[in-house]
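Take a look at the structure below.
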Amino acid sequence: MNKVLRLIAGSALLLVFLAGCEQTFTPKPRGYFKIKFPERKYQVFNEPGYPYTFEYPVYAKVVKDSLFFGEKAENPWWINLEFPSLNGKVYMSYKEIGKNGNSYEKLVNDAFKLTYKHTLKASSINEKPIHTPNDVYGLFYDVEGDAASAKQFYATDSVHHFLRGALYFDATPNADSLAPVHQFLQEDMWHMVQTLKWR
5 MNKVLRLIAG SALLLVFLAG CEQTFTPKPR GYFKIKFPER KYQVFNEPGY
55 PYTFEYPVYA KVVKDSLFFG EKAENPWWIN LEFPSLNGKV YMSYKEIGKN
105 GNSYEKLVND AFKLTYKHTL KASSINEKPI HTPNDVYGLF YDVEGDAASA
155 KQFYATDSVH HFLRGALYFD ATPNADSLAP VHQFLQEDMW HMVQTLKWR
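Numbering follows the working numbering, with no gaps: position 119 of the sequence shown is 123.
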């Protein structure tokens, strides 16, 4: 009987000791990988025959885009600005005002509609006017939230030229994880628009 009492007392003492050592578990907040951004340097896109020229980052490559949703592009001046190290791409479509039913009003309305299609996932859409000494006007859209395209713009001279750009990533939209990359590439897109010239 003495052995049984000692065993019970020892077990109780062990349980009290273990219960006293319990710590409250606090989960760590979700983190994301740190992204090392390349050094900013620019080069000139000045291909013969194109109706525009601009500066773009050296860590991007220009790829001619010949298809629009599986159909042939309207003209040969559509390009994609690809950022392989950041898994992103700026799709750029150029249209001539007055050709193929492209009135200035229609092109501006189309750009507005394409941007505001993201309102289902966007928490807000901020517009920043574009007006440069190179006769370039338009709007730069900052689409906040988990929208598929967080940065978009259209640039025009309102008479002949209309260029629209939209940034997409080959990843599921997540405003938190993509925020640093969005911010980084927004500066590059803004630089591109500020250096845009018509020919």
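C-beta atoms are modelled at their ideal positions from N, C-alpha and C, and glycine is treated no differently.
- When the beta-carbon positions are compared, residue 120 and residue 134 stay at least 8 Å from each other.
- The continuous stretches of beta strand (DSSP E) do not include residue 45, and DSSP gives it neither H nor E.
- Under the three-state reduction of DSSP output, residue 13 falls in the helix class.
- Shown here, residue 199 sits in coil according to DSSP, grouped into three states, outside any helix or strand.
- The C-alpha of residue 192 lies about 31 Å from the C-alpha of residue 104.
- Pairing residue 84 with residue 175 gives a Cβ-Cβ distance that is not under 8 Å.
- For the pair residue 132 and residue 143, the CB atoms are nearer than the 8 Å cut-off.
- Each residue's CA atom was taken as its position, placing residue 7 and residue 14 some 10 Å apart.
- Per DSSP, reduced to three states, the secondary structure at residue 130 is strand.
- Nearest neighbour of residue 116 by Cα position, chosen from 169, 163 and 137, turns out to be 169.
- Here DSSP, grouped into helix, strand and coil, assigns residue 103 to coil.
- Where residue 117 is concerned, the enclosing alpha helix (DSSP H) starts and stops at 108 to 120.
- Residue burial is scored here from C-beta neighbours: residue 157 has at least 16 other C-beta atoms within 10 angstroms and is therefore classed as buried.
- For residue 40, the secondary structure class from DSSP, reduced to helix, strand or coil, is coil.
- DSSP links residue 70 through a beta bridge to no other residue.
- When the five nearest sequence neighbours on each side are left out, the beta carbons in the same chain lying within less than 7 Å of the beta carbon of residue 153 are those of 122, 147, 170, 171 and 172, in order along the chain.
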